[in-house]
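Numbered per my numbering, the sequence shown spans residues 24 to 214. Note that beta-carbon positions come from the ideal geometry of N, C-alpha and C, so glycine has one too.
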Amino acid sequence: MPNKLLRWGLLLILAAALILSGCATAKKWVGWESGEEDDEMAPLETKEETVMIDGKPYVRSRNPYWLTYADQPEYIYVEKGKEFVGVQQSIINAIAKAVGKEKAKAMGKGIPPDKLQEVVRAEVERILREQGLGGFLSSQGRAGTSPYVGRAVAVIPDLDTPTQYEGLNRTMAIALGDNMARSKDIKVSTQ
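Written out as structure tokens, the structure is:
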């Protein structure tokens, strides 16, 4: 029990010291000052992205040997087009290039929008005709060519119904026709 209390006490003291000292004090303890003074003392050339040397543009690039060899700077200037590209960036570039090629293929082989709209309209009308709802789009688009705007349907009782259910079948057909006639875009024909 006393060991647990001692551990908790040390943990609380350490936490309080870290909170009160802040990160800046911890950096001073290890000898790492904030980089504000270093940035002010650095020459302006190191902050520029592009520099002209002997008529050639040189760009600031990450040094691939920075953490590998001693005394290597983090950034160096290399001729434009020969800058260092890391693995992560090269993967991103490859994916972007592949996606761009796919989009270019799709754009080159595509159907013009007006032709596509006609093809879609024809396909929708064909499917509606197969389902027994034919002429819906054409009658909606050109109200003058069709006597009905919208869909026209006829509700008939099932002819294969046994005789004992014939009255029920007719009642259900009439109720369905009345409910469909209440809709404004469906015209139900009389029997």
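Asked, Found
"Mapping DSSP to helix, strand and coil, what is Lys-207?", "coil"
"Identify which residue in Asn-202, Asp-201, Ile-179, Ser-206 has its Cα closest to the Cα of Arg-193.", "Ile-179"
"For the alpha helix (DSSP H) that contains Val-178, what are its first and last residues?", "Per DSSP, Val-178 belongs to no alpha helix (DSSP H) and is neither H nor E."
"Per DSSP, what kind of secondary structure is Glu-141 in: helix, strand or coil?", "helix"
"Hey, how far is the Cα of Asn-116 from the Cα of Val-122?", "10 Å"
"Just verifying my parser: in three-state terms, what is the DSSP assignment at Ala-186?", "The identity of residue 186 in the sequence shown is Thr, whereas the question assumes Ala. Thr-186 falls in the helix class under three-state DSSP."
"Rounded to a whole number of angstroms, what is the C-alpha to C-alpha distance between Arg-152 and Ala-145?", "11 Å"
"According to DSSP, Pro-80 sits in a beta bridge with which residue or residues?", "Met-75"
"What does DSSP give as the partner residue(s) for Val-101 in the beta ladder?", "Val-82"
"Find out if the Cβ-Cβ distance for the pair Lys-103, Tyr-88 is shorter than 8 Å.", "no"
"Spatial neighbours of Glu-106 within its chain, please: C-beta separation below 6 Å, excluding the five flanking residues on both sides.", "Val-82, Ser-84"
"Who does Ser-212 pair with in a DSSP beta bridge?", "Ala-177"
"Between Pro-136, Thr-186, Val-176, Asn-86, which lies nearest to Arg-205 when the distance is taken from Cα to Cα?", "Val-176"
"Sorted by chain position, which residues of the same chain lie with C-beta nearer than 8 Å to Tyr-100's C-beta, five sequence neighbours on each side aside?", "Val-74, Ile-76, Tyr-81, Val-82, Arg-83, Ser-84"
"Alpha carbon to alpha carbon, how far is Thr-186 from Gly-164? Give it in angstroms, no decimals.", "For Gly-164, the predicted model reports a pLDDT of 48, less than 50, meaning its position is unreliable; a value from the coordinates is still stated below. Computed Cα separation, rounded: 43 Å."
"Just mark Arg-30 as buried or exposed, buried being the case when its beta carbon has 16 or more other beta carbons within 10 Å.", "exposed"
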